[in-house]
Amino acid sequence: MMNTLARCPGLYCGRELLSDGNWSECGACPRGFRANASSACVPCDDAPMFYDWLYLGFMALLALVLHWFCIDMVSMRRNIPKEVIALHLSALLEVVLSSIIVLQLTHPIGTFNVKSCRAKKLSDWYTLLHNPSPNYEATLHCTQEAVYPLLVQSVSTKPL
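Residue 307 in my numbering sits at position 84 of the sequence shown; the count goes up by one each step and never skips.
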């Protein structure tokens with residue numbers, strides 16, 4: 224715990240401001256936050272760009288296509304009976320409902336507004352590769368979702 228904000232090693236390590244006015248130790252910022260240039264964890268307040276929405280839509284469609292592929296592989300029929308169509312429709316309903324529920328449960332909760340951290344550089348997508356090792360002794364694990372919520376949404380909408 225410290226009173227002054229000191230820079231953390233690595234690109235993605237940050238410090239949180241605690242309720243007593245001190246700063247926490249260096250570590251990963253909480254979900255929905257990102258480390259700024261001075262290593263303070265700041266909330267993600269950007270709106271997703273068009274490309275971000277396309278990415279989230281692609282991830283939802285990928286889940287739907289995987290559902291349909293598995294249904295078709297299990298049914299193994301040349302004709303399409305009503306039971307298979309019912310399974311396809313239930314898979315569609317499952318993916319649509321899960322996407323809506325995930326959007327409702329993502330901050331801000333209860334709205335379709337999504338706050339995000341925009342990707343500023345390529346390394347934002349691969350934060351695991353940028354964990355620092357101060358003095359080459361131990362790795363400081365600061366891995367986080369730097370492009371929040373894109374990685375979160377893609378994990379949440381995949382089929383189980």
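Note that CB positions come from ideal geometry on N, CA and C, so glycine has one too.
Tell me whether the stretch 296–308 and the stretch 238–246 touch, counting them as touching only if at least three CB pairs, one residue from each stretch, are closer than 8 Å.
A contact is defined here as three or more CB-CB pairs under 8 Å, and the stretch 296–308 fails this definition with respect to the stretch 238–246.
Using DSSP with H/G/I as helix, E/B as strand and the rest coil, what is residue 263?
Per DSSP, reduced to three states, the secondary structure at residue 263 is strand.
According to DSSP, is residue 293 part of a helix, a strand, or is it coil?
Assignment of residue 293 by DSSP, reduced to helix, strand and coil, places it in the helix class.
Using alpha carbons as the reference points, say which of 250, 246, 245, 230 lies closest to residue 364.
Minimum Cα distance to residue 364 is reached at 250.
Opposing strand residues paired with residue 258 [DSSP bridges]:
Looking at the DSSP output, residue 258 bridges to 264.
Mapping DSSP to helix, strand and coil, what is residue 233?
Coil, per DSSP.
Specify the secondary structure class of residue 347 as computed by DSSP and reduced to three states.
In the structure shown, residue 347 sits in a helix (DSSP, three-state: H, G or I).
Between the alpha carbons of residue 366 and residue 235, how many angstroms are there, rounded?
Their Cα atoms are separated by approximately 7 Å.
Anyone know if the C-beta pair for residue 267 and residue 258 falls short of 8 Å?
Their beta carbons are not under 8 Å apart, which means residue 267 does not touch residue 258 by this criterion.
Would you call residue 361 buried or exposed, if buried means 16 or more other Cβ atoms sit within 10 Å of its Cβ?
Classification for residue 361: exposed.
Buried or exposed: where does residue 264 fall if 16 or more other Cβ atoms within 10 Å of its Cβ makes it buried?
Taking all protein chains shown into account, residue 264 has 16 or more neighbouring C-beta atoms within 10 Å of its C-beta and is therefore buried.
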